[in-house]
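Asks:
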Amino acid sequence: MQELTTAWEALGYGGAMVYPLLFLGMVSIVIILDRAVVCYRSLRLPASMLELVETYGFSWNELDQELQKLALANAYRRFFSVIASNRDQPAWWVESRAGDEAGSIEKVLSRGLWILETVVTAAPLMGLLGTITGMMQAFKVIGGAGLVAPTQVTSGVAQALISTALGLLIALFALFGFNFFARMQSQALDQMERLGSKLVDHIRLDEENGEPRPGDLAPLATREKRATR
Numbered sequence: 001m002q003e004l005t006t007a008w009e010a011l012g013y014g015g016a017m018v019y020p021l022l023f024l025g026m027v028s029i030v031i032i033l034d035r036a037v038v039c040y041r042s043l044r045l046p047a048s049m050l051e052l053v054e055t056y057g058f059s060w061n062e063l064d065q066e067l068q069k070l071a072l073a074n075a076y077r078r079f080f081s082v083i084a085s086n087r088d089q090p091a092w093w094v095e096s097r098a099g100d101e102a103g104s105i106e107k108v109l110s111r112g113l114w115i116l117e118t119v120v121t122a123a124p125l126m127g128l129l130g131t132i133t134g135m136m137q138a139f140k141v142i143g144g145a146g147l148v149a150p151t152q153v154t155s156g157v158a159q160a161l162i163s164t165a166l167g168l169l170i171a172l173f174a175l176f177g178f179n180f181f182a183r184m185q186s187q188a189l190d191q192m193e194r195l196g197s198k199l200v201d202h203i204r205l206d207e208e209n210g211e212p213r214p215g216d217l218a219p220l221a222t223r224e225k226r227a228t229r
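Using the numbering used here, you'd call the opening residue of the sequence shown number 1 and step up by one each time.
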C-alpha cells in the first residue's frame, strides 16, 4: 500500500502530460479486457468437434449436433454453420459464403485493436512531449536571473523522467496486448480456413459419389412417385 501511495504521489510531479497518458492507459486496459472476454467466448473449439471434422467420411448430422452445443457467439459455430447449412449447394458457392462469414468474424475479433496500435505509437510521443516541457522548465529556472533553485530544477527533471517512463510503460502494455490478440486472431482464422477446406472437400466427395443431399431429397421423392404411376 505504501508503494502505491508513493507511486501516486510521484505521478503528481509528471506535469500535465500525465493525465492524457493515464487516459490512454485506462483505454488500453478496457480494450484488453474486452478482447479477452470476446476471445474466451468466441474461440473455444471442443476437441470432439475438431476430431469429428478431421475424420474421413463423418456424418453431417453429428456435426449439426456438435454445433448445437456451442454458444451462438462462438466463431467456429458461426463459420461451420454457414458451410453445413449450404452443403446442398455447389462447392464454389459454399466457399464464397464461408469466405464472407470469415471476413465478418475477423471484424469482430479485431474490433478495438487499432486503438491499441495507436496507443503503442502515441504514448511514447506524448511522454517525449512531457520530457521536453519538463526540461524546458528546468532550463528556464537555471537561466532565470543567474540563480539556481534546486527544488524547481529537480521538479522539471522529475516531470521529464516521469512522463517518459509512464509513456513507455503504457506503450509496452498496449504492445503486448495487441500482439497477443492479433496472434490469437491469426491462428483462429488459419484453423478455420484449414477445417473449412476439409468440410468443403467432404461436400465435393458427396457430389462425386452422387449421394443425395438435403436439396436433392424433394426432387428424388417426386421422381420416385412419378415412376410408380
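Glycine is no exception: its CB is placed at the ideal position from the N, C-alpha and C atoms.
Between A75, M17, T164 and S110, which has its C-alpha nearest Q191's C-alpha?
Replies: A75
Asks: Find out if the Cβ-Cβ distance for the pair P124, L175 is shorter than 7 Å.
Replies: no
Asks: Where do the N-terminal and C-terminal ends of the alpha helix (DSSP H) with F80 fall, by residue?
Replies: A75 to S85
Asks: Quick check on M17: buried or exposed, where buried means 16 or more other Cβ atoms within 10 Å of its Cβ?
Replies: buried
Asks: Run through DSSP, which three-state label would A100 get?
Replies: Here residue 100 turns out to be Asp, not Ala, going by the sequence shown. It is helical.
Asks: So, at 8 Å on beta carbons, what are the nonlocal neighbours of Y19 in its own chain, with the 5 sequence-adjacent residues on each side left out?
Replies: none
Asks: Would the segment 105–112 and the segment 74–90 be scored as touching if the rule is three or more Cβ pairs under 8 Å?
Replies: yes
Asks: Drop a sphere of 10 angstroms on the beta-carbon of A73, count the other beta-carbons inside from all chains shown, and report buried for 16 or more, exposed for fewer.
Replies: Flag for A73 reads exposed.
Asks: In three-state terms, what does DSSP make of Y56?
Replies: Reduced to three states, the DSSP call for Y56 is coil.
Asks: Give the single residue among V119, S186, E117 and K198 whose Cα lies nearest to the Cα of V53.
Replies: K198
Asks: Within 10 angstroms of its Cβ, does A47 collect 16 or more other Cβ (buried), or is it exposed?
Replies: exposed
Asks: Helix, strand or coil for L45, going by three-state DSSP, please let me know.
Replies: coil
Asks: Whole-angstrom Cβ separation of F182 and L113, contact assumed at under 8 Å?
Replies: Looking at the sequence provided, one finds Ala at residue 182 rather than Phe. Right, the Cβ-Cβ distance comes to about 6 Å (below 8 Å), so this counts as a contact.
Asks: Would you kindly work out how many angstroms separate the C-alpha atoms of G25 and N179, rounded to a whole number?
Replies: 16 Å
Asks: By how many angstroms is the C-alpha of N209 removed from the C-alpha of I31?
Replies: 49 Å
Asks: Near E101, what residues of its chain come up, given a Cβ to Cβ distance below 8 Å and the 5 sequence neighbours on each side ignored?
Replies: Once the five neighbours on either side are set aside, the close Cβ partners of E101 are R78, F79 and V82.
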